[in-house]
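Okay, so the sequence shown: first residue is -13 according to the working numbering, each after it adds one. Below: one structure, written as C-alpha cells.
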Amino acid sequence: MTHRILIVDDDLHIREVIRVALKKAGMTVSEARDGKEALSRFPNDRPDLVVLDIGMPELDGLDVCREIRKSSDVPILFLSARDEEIDRILGLEIGGDDYVTKPFSPRELVARINVILRRAAVRATGSNGQHTPLVQGQLSVDPEQHVAAFAGNALRLTAIEFGILRAFLTRPTSVFSRDQIMAAAYQLNIQVSDRTIDSHIRNIRAKLAAANCDNVIETIHGVGFRLGRCEPQA
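Shown next, in the form of C-alpha cells:
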C-alpha cells in the first residue's frame, strides 16, 4: 500500500528535502505552501498523514491542526524551526501525534512517519493481538476497533494517547514509569523528553475530565503514573 503524505511548509527547500526522502521510501506526496492552502487541499488529497510546520505566516501549523481535528483524526507530525518546548507541548496537546525539530535528519523523519503509519494500520485492522475490550470502571478501550469510551461516551484520542491508555488498561494495577509509557506509545527506539510524556498524560486527563472523570490517571511522585478509579465525578 502506498501512503499519501501531505507536506505543509512555507520553505520550498524543506518541502523538497522531505518530498525526496518520502518518495525514496515509496510514498506519494502532495504539498501546501501555507496553512490556508493545506486546509483547502486536505479534503481532496485525503492524506494518510500530514507533516505540518508550526511556524508559518497568516495561519500557523497549530491553527491548521485545530481545524483538521474538528473533522479528522488523521495523524499529524509537527515540524518546528525553534527548539522551544512550549511549541512541541502545545502541538501535542491540541492533537499532534509527534514532532521533529529543524534541522532534522530526513532518515529520522521517515522513521517517525513509518512508526505513526504502523500504529494507524494496527488500529485500522485490529492486528495487535487484542480481541476483547479492556475495561476498568467506566473506562473501556477496544484495541481491535480502536475505540475508547468513558461511561458510554466515545473519546477522541490521538494514536499515541490511545496507546498510552491501552497500556494502562492492560495492567490496571501497575505503576508505569515514563520510559515504560514511552515504549508503549512509540513502539520503536525513539527518544522523547519526560515533558512530552507529561504532555500526553495531561491531554488524556483533560479529555477524560471533559467526559466527567478527573481521576483516571494518578501521579505517583518520583515513580510515574497508574490508572485511577475511572468513575464519574459525583
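No residue lacks a Cβ here, since even glycine has one placed at the ideal position from N, Cα and C. Every value quoted in this text rests on a predicted model; they were computed, and no experiment measured them.
Tell me the rounded alpha-carbon separation between V209 and S160. Whole-angstrom Cα-Cα distance: 11 Å.
Terminal residues of the continuous beta strand (DSSP E) containing V37? 35 to 39
Who are the near neighbours of L(-8) in its chain, counting only those whose CB is closer than 6 Å to its CB and skipping five residues on each side? S16, D31, P33, V36
Which ranges would you report for the alpha helix (DSSP H) in the segment 135 to 192 if only whole runs of at least 4 residues count? 145 to 156, 164 to 172
Could you give the distance in angstroms between the alpha-carbon of G41 and the alpha-carbon of R5? 19 Å
Residue span of the beta strand (DSSP E) that contains D26, given as start and end: At residue 26 the sequence reads Ser, which differs from the Asp that was named. Where S26 is concerned, there is no enclosing beta strand (DSSP E), although the alpha helix (DSSP H) it sits in stretches over 21 to 31.
What is the rounded straight-line gap between the Cα of Q116 and the Cα of E130? In this prediction, Q116 scores a pLDDT of 45, lower than 50, which makes its location untrustworthy; no coordinate-derived value is stated.
Could you please give the first and the last residue of the uninterrupted alpha helix (DSSP H) stretch that includes V50? 47 to 55
Collapsed DSSP secondary structure at R294 in the structure displayed: No statement about residue 294 is possible, as the shown extent of the chain runs from -13 to 220 and does not include it.
Other residues of its chain near R27: CB distance less than 8 Å, five sequence neighbours each side excluded: L(-8), S16, A18
At least three beta-carbon pairs within less than 8 Å, the segment 131 to 149 to the segment 186 to 198: yes
Who are the near neighbours of I102 in its chain, counting only those whose CB is closer than 8 Å to its CB and skipping five residues on each side? L35, P61, L63, D83, D84, A145
Determine the DSSP secondary structure at A11, reduced to helix, strand or coil. Three-state result, A11: coil.
Inter-residue spacing [alpha-carbon to alpha-carbon] between D(-3) and R104: If you take the alpha carbons of D(-3) and R104, they lie about 28 Å apart.
Of the choices T14, I187, G12, L38, whose alpha-carbon is the least far from that of A24? For A24, the nearest C-alpha among the options comes from L38.
Using beta-carbon positions only, say whether G21 and V3 come within less than 9 Å of one another. no
Where N114 sits in the DSSP three-state scheme: Low per-residue confidence applies at N114: pLDDT is 46, beneath 50, and the placement is therefore not dependable, though the value from the model is reported in the following sentence. Coil, per DSSP.
Is it buried or exposed, I206, if we count other Cβ atoms within 10 angstroms and call 16 or more buried? exposed
Give me the DSSP bridge partner(s) of I(-9). V15, L35
Among A7, A171, D184, which residue has its Cα nearest to the Cα of A106? A171
At which residues does the beta strand (DSSP E) containing Q124 begin and terminate? Counting along the chain, Q124 falls outside any beta strand (DSSP E), and DSSP gives it neither H nor E.
Nearest CA to the CA of P158: which residue from L141, R93, Q122, L76? Q122
In three-state terms, what does DSSP make of E217? coil
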